[in-house]
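Quick note on UniProt numbering: the first sequence kicks off at 1 and runs consecutively.
Quick reminder that beta carbons are idealized off the backbone N, C-alpha and C, glycines included.
From a predicted model like this one, the values you see are computed outputs, not experimental measurements.
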Amino acid sequence: MKSCKPCNPPAAAGARAAPPCTGGAAECAGTCAGAGRLESAARRRLAANARERRRMQGLNTAFDRLRRVVPQWGQDKKLSKYETLQMALSYIMALTRILAEAERFGSERDWVNLHCEHFGRDHYLPFAGAKLPGESEPYGQRLFGFQPESFQMAS
DNA sequence: TAGGCCATCTGGTCCT
DNA sequence: AGGACCAGATGGCCTA
């Protein structure tokens, strides 16, 4: 494909506005000399592009499913992919911790008391959304410790 | 307008 | 040979 660069429109990349496969390798094969051999290469390129598109769509579908099961703390803006992964990590670690604690305490009642006594007996709220007066963050959010603004790139 | 996020194209590499 | 996966490049859209 490299030999055909000159007639390959630079606008091929970022073609969301001009979706599947305008110009690029296919067009190139039709206009360059020796198009016969290039034609099959162009066909393969287009097929590879389509596969890559499908693959990325599958990946995005998976991200959407992950977003739906991960806490969002009332954020109206949807989590970015990076934030989704970070949140999932925090979520899993928090749940793991909770399970470990639940095993340490003999009964469910003991464990619930440990976590929920400060909510008051008559108005226990689901812990993830529960917020005490004067607290800036819900209990669950503090438990998970995920802050979209504050995470750092792993080095 | 700059910066963040994203979709797509592309070429390289590895695997079957 | 062809498919899957990956990373870099590029351009569009959106928001502060």
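- Boundaries of the alpha helix (DSSP H) harbouring Ser90: 81-104, taken from the DSSP string.
- Pairing Leu59 with Arg67 gives a Cβ-Cβ distance that is not under 9 Å.
- With contacts defined by Cβ atoms closer than 9 Å, Lys81 and Phe63 form a contacting pair.
- Of all alpha-carbon atoms in Val70, Leu99, Lys77, Arg43, the one lying nearest the alpha-carbon of Ser90 is that of Val70.
- Cβ neighbours of Met93 within its own chain (closer than 7 Å, five residues either side excluded): none.
- DSSP, read as helix, strand or coil, puts Val112 in helix.
- Residue state for Asp64 is assigned as helix, using DSSP reduced to three classes.
- At least 9 Å separates the beta-carbon of Glu108 from that of Ala100.
- Under the three-state reduction of DSSP, Gln72 is assigned to coil, being neither helix nor strand.
- Taking the Cα of Leu85 as reference, the smallest distance to any Cα among Thr96, Asp76, Gln72 is reached at Gln72.
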